[in-house]
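The block underneath contains the structure these notes are about, expressed in structure tokens.
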Amino acid sequence: MPCGTMLGMAPITRRGLNRALLHRQGLLTPWTCSPATAIDRLIGLQAQSPSAPYFGLWSRLESFEPAQLARLLETRKAVRATMMRGTLHLFTAADYLRVRPVLQPMLTGFVRGLRYGKDIERLDQDKLLDAGRRLLTEQPLSAADLGAALASYFPGTASDSLAMAVRMMVPAVQPTPRGVWGRGGKATFTTAAAWLGTDPGAAGSPDELVRRYLKAFGPATVADVQNWSGLRGLREVVDRMRPSLRSLRDEDGRELVDVPRGPLPDPDTPAPVRLIAEYDNLTLSHADRSRVIADEHRAATATANGVIPGMVLVDGMVAGTWKLTKTTVTLRELSPWTPAQRAEVEALAHRALEFAAPGEHHHVVG
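Under this note's numbering, read the sequence shown as residues 759 to 1124, first letter to last.
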């Protein structure tokens, strides 16, 4: 398809955008690739919950066992770190080293928004970052312990802001056993150099990150890319990339950009029931999320502390939530399910329980 704005073509419908997103996320037809390949294809997995990346891969891969991801973490081929939007994500180590520098302007800007951001800016930045690197290199530290240690160097500055500033501006990762299936462990941080043997390189252009986003989440608006990444000023980047992108428009007439051969499945392609992990980027990576979750359902699942529950997809759209507690899955309808749809959801919930607690007596309620 030629590049440029398609003024004469029919707009891509919301349902068409839904099927494109599901296809690119491995949620129409499961992928047969390795977990590491899937993580790179998705540009990381949300990891605020230690179990979320495991269920994120379980929902997308034809065959996946928790031990596969646990091994990647234990052998340091995958890491948990602060990335897009200043939130925890799981990346392959190689991709973390590539992507972190591109996100650094956003992470540095995040510090200015802290409650005591102005106090942080008044400090000697080199001294602060040197102290943070030294402390995190000596031993992994929790955010509270890091803040307390930094406060001895910078008295009078809030310890939590000091710790957050270092975590945002110094490339740091969460070492194992945190995030390893079945093990648990305190959330601590150490430097990327200490854990991976090298620091991320110099920041490159965001062009490739934008292109990868479109492959995984497109077609999308510039606002969508910015919402996912946390970066700002991407209009100029997209304009520069126009010769290598295609342009579409949605039902509201907004421009969407995409990679030239980004798949656009038939909007009537059947979408199987899926259980999506807590915090899954499927529901967080667009400014306009109506392609996968209705605004009223977003409001119904919002919590004061920002917890994003596991979501139930029915016909490609969020139609409920699910929560796993030991050997029980609790289901909640957001829109009515037919008896056949409920049977599919409950069968998948039992599969999730078998994945999480094999051989146990399982319960599905709600």
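Ideal Cβ positions, reconstructed from N, Cα and C, are used throughout, including at glycine.
#### Entry: CA-to-CA distance, residue 1056 to residue 1065, given in whole angstroms
Here residue 1065 refers to the residue found at position 307 of the sequence shown. Here residue 1056 refers to the residue found at position 298 of the sequence shown. Answer to the nearest angstrom: the Cα atoms are 12 angstroms apart.
### Query
Does the separation of the CB atoms of residue 1069 and residue 1061 fall below 9 angstroms?
As a first step, residue 1069 must be located in the sequence shown, where it is residue number 311. As a first step, residue 1061 must be located in the sequence shown, where it is residue number 303. In this structure, residue 1061 does not lie closer than 9 angstroms to residue 1069 by Cβ.
### Query
Can a CB atom of chain B be found closer than 9 angstroms to the CB of residue 960?
This model lacks chain B altogether; it includes just one protein chain.
### Task
Could you pull the start and end residues of the beta strand (DSSP E) that residue 1005 belongs to?
Here residue 1005 refers to the residue found at position 247 of the sequence shown. Looking at the DSSP string, the run of the beta strand (DSSP E) that includes residue 1005 is 1004-1007.
### Message
Cutting at 6 angstroms between CB atoms, please list the residues of its own chain near residue 931, excluding the five before and the five after it.
### Response
Numbered from 1 along the sequence shown, position 173 holds the residue referred to as residue 931. Excluding positions up to five away in sequence, the list reads 837, 839, 950 and 953.
### Query
Considering only the beta carbon of each residue, do residue 846 and residue 805 sit closer than 9 angstroms?
Along the sequence shown, read from residue 1 onward, the residue named residue 846 stands at position 88. Along the sequence shown, read from residue 1 onward, the residue named residue 805 stands at position 47. Their beta carbons are under 9 angstroms apart, which means residue 846 touches residue 805 by this criterion.
### Message
Counting C-beta neighbours from all protein chains within 10 Å, is the total for residue 1119 16 or more, i.e. buried, or is it exposed?
### Response
Your numbering for residue 1119 matches position 361 in the sequence shown. Exposed, because fewer than 16 other Cβ atoms sit within 10 Å of the Cβ of residue 1119.
### Spatial neighbours of residue 1159 in its chain, beta-carbon cut-off 7 angstroms, leaving aside the 5 residues before and after
In this structure the chain extends from 759 to 1124, so residue 1159 is not present and cannot be described.
#### Entry: According to DSSP, residues forming a beta bridge with residue 1091
Within the sequence shown, residue 1091 is the residue found at index 333, counting from 1. According to DSSP, which records beta bridges pairwise, residue 1091 is partnered with 1078.
### Task
In angstroms with no decimal places, state the Cα-to-Cα distance between residue 762 and residue 842.
As a working note, residue 762 is residue 4 in the sequence shown. As a working note, residue 842 is residue 84 in the sequence shown. At residue 762 the pLDDT is 40, less than 50, meaning the model places this residue with poor confidence; the figure from the coordinates comes in the next sentence. Going by the C-alpha atoms only, they are around 29 angstroms apart.
### Query
Going along the chain, which residues of its own chain have a beta-carbon closer than 6 angstroms to the beta-carbon of residue 967, five neighbours each way excluded?
Here the question's residue 967 lines up with position 209 in the sequence shown. Around residue 967: 860.
### C-alpha gap between residue 1031 and residue 897, whole angstroms
If you number the sequence shown from 1, residue 1031 lands on position 273. If you number the sequence shown from 1, residue 897 lands on position 139. Cα-Cα distance, rounded: 45 angstroms.
#### Entry: Where residue 792 falls, given that 16 or more other Cβ within 10 Å makes a residue buried
Looking up residue 792 in the sequence shown gives position 34. When all chains shown are included, residue 792 counts as exposed.
### Task
Output the distance between the C-alpha atoms of residue 1036 and residue 814, rounded to the nearest integer angstrom.
Numbered from 1 along the sequence shown, position 278 holds the residue referred to as residue 1036. Numbered from 1 along the sequence shown, position 56 holds the residue referred to as residue 814. Going from the Cα of residue 1036 to the Cα of residue 814 covers about 8 angstroms.
### Message
Quick check on the DSSP output: what are the complete alpha helix (DSSP H) runs of length 4 or more inside the segment 784-860, in order along the chain?
### Response
793-799, 810-816 and 824-832
### Query
Which stretch, first to last residue, makes up the beta strand (DSSP E) that contains residue 1109?
As a working note, residue 1109 is residue 351 in the sequence shown. Element bounds for residue 1109: not the beta strand (DSSP E) but the alpha helix (DSSP H), 1097-1114.
#### Entry: Minimum C-alpha distance to residue 1111 - residue among 1083, 852 and 933
As a working mapping, residue 1111 is identified with position 353 in the sequence shown. For the residues 1083, 852 and 933, the minimum Cα distance to residue 1111 belongs to 1083.
### Query
Going straight from the alpha carbon of residue 906 to that of residue 887, what length do you get?
The residue labelled residue 906 in the question sits at position 148 within the sequence shown. The residue labelled residue 887 in the question sits at position 129 within the sequence shown. Answer to the nearest angstrom: the Cα atoms are 15 angstroms apart.
### Query
Apart from the five residues just before and just after residue 1025, which ones in its own chain have a Cβ nearer than 7 angstroms to its Cβ?
One-based indexing of the sequence shown puts residue 1025 at position 267. For residue 1025, where only same-chain residues beyond five positions count, the Cβ hits under 7 angstroms are 771, 773, 774 and 777.
#### Entry: Where the beta strand (DSSP E) through residue 1121 begins and ends
Position 363 of the sequence shown, counted from the start, is the residue given in the question as residue 1121. DSSP places residue 1121 inside the beta strand (DSSP E), whose first and last residues are 1121-1123.
#### Entry: Whole-angstrom distance between residue 876 and residue 819, CA atom to CA atom
Here residue 819 refers to the residue found at position 61 when the sequence shown is read from its first residue. Here residue 876 refers to the residue found at position 118 when the sequence shown is read from its first residue. Whole-angstrom Cα-Cα distance: 45 angstroms.
### Task
Specify, as a first and last residue, the run of the alpha helix (DSSP H) that residue 951 falls within.
Residue mapping note: residue 951 aligns to position 193 of the sequence shown, counting from 1. Taken as a continuous stretch (DSSP letters only), the alpha helix (DSSP H) holding residue 951 covers 950-954.
### Task
Report all residues from its chain with a CB closer than 6 angstroms to the CB of residue 1080; omit the five preceding and five following residues, and keep chain order.
The residue given as residue 1080 occupies position 322 in the sequence shown. Within the same chain, residue 1080 has close Cβ partners 1033, 1068, 1070, 1087 and 1089.
### Task
Please check the pair residue 989 and residue 863, which I expect to be a contact at CB under 8 angstroms, by giving their CB distance rounded to whole angstroms.
Here residue 989 is taken as the residue at index 231 of the sequence shown, counted from 1. Here residue 863 is taken as the residue at index 105 of the sequence shown, counted from 1. About 7 angstroms; that satisfies the 8 angstroms criterion.
### Query
DSSP three-state call for residue 902: helix, strand or coil?
In the sequence shown, the residue the question calls residue 902 occupies position 144. DSSP places residue 902 in helix when its eight states are reduced to three.
### Query
When burial is assigned at 16 or more other CB atoms within 10 Å of the CB, is residue 915 buried or exposed?
Translated into positions along the sequence shown, residue 915 becomes position 157. Its Cβ being crowded by 16 or more others within 10 Å, residue 915 is buried.
### Query
In or out: residue 1123 buried (at least 16 other Cβ within 10 Å) or exposed?
Translated into the one-based positions of the sequence shown, residue 1123 becomes position 365. That one is exposed.
### Task
Could you tell me the distance, in whole angstroms, from the CA atom of residue 921 to the CA atom of residue 901?
On the sequence shown, position 163 is the one that residue 921 refers to. On the sequence shown, position 143 is the one that residue 901 refers to. Residue 921 and residue 901: Cα-Cα distance of roughly 6 angstroms.
### Message
Would residue 782 and residue 955 be called neighbours here (beta carbons separated by less than 9 angstroms)?
### Response
Translated into the one-based positions of the sequence shown, residue 782 becomes position 24. Translated into the one-based positions of the sequence shown, residue 955 becomes position 197. For residue 782 and residue 955, no; Cβs fall outside 9 angstroms.
### Message
Could you check whether residue 995 and residue 1043 sit closer than 9 angstroms to each other, using their CB atoms as the reference points?
### Response
Stepping through the sequence shown from its first residue, residue 1043 is reached at position 285. Stepping through the sequence shown from its first residue, residue 995 is reached at position 237. For residue 1043 and residue 995, no; Cβs fall outside 9 angstroms.
### Message
By the DSSP assignment, the alpha helix (DSSP H) with residue 1126 in it spans what residues?
### Response
Any property of residue 1126 remains undetermined from this structure, which presents the chain solely from 759 to 1124.
### Message
Just to confirm the assignment: which complete alpha helix (DSSP H) runs, minimum length 4, are found wholly within the segment 950-999?
### Response
Taking only runs of at least 4 residues, the alpha helix (DSSP H) segments lying wholly in the segment 950-999 are 950-954, 965-975, 980-987 and 992-999.
#### Entry: Secondary structure of residue 936, DSSP reduced to three states
Looking up residue 936 in the sequence shown gives position 178. Of the three classes helix, strand and coil, the one that applies to residue 936 here is coil, per DSSP.
### Query
Tell me, which residues are paired with residue 1069 by DSSP?
As a position in the sequence shown, residue 1069 is number 311, starting the count at 1. Answer is 1034 and 1079, bridged to residue 1069.
### Query
Taking the alpha-carbon positions, what's the residue 939 to residue 834 distance?
Here residue 939 refers to the residue found at position 181 when the sequence shown is read from its first residue. Here residue 834 refers to the residue found at position 76 when the sequence shown is read from its first residue. Their Cα atoms are separated by approximately 15 angstroms.
### Message
Using C-beta distances below 6 angstroms, list every residue in its chain close to residue 784, excluding the 5 sequence neighbours before and after it, in chain order.
### Response
As a first step, residue 784 is located in the sequence shown; it is residue number 26 there, counting from the start. 818, listed in sequence order.
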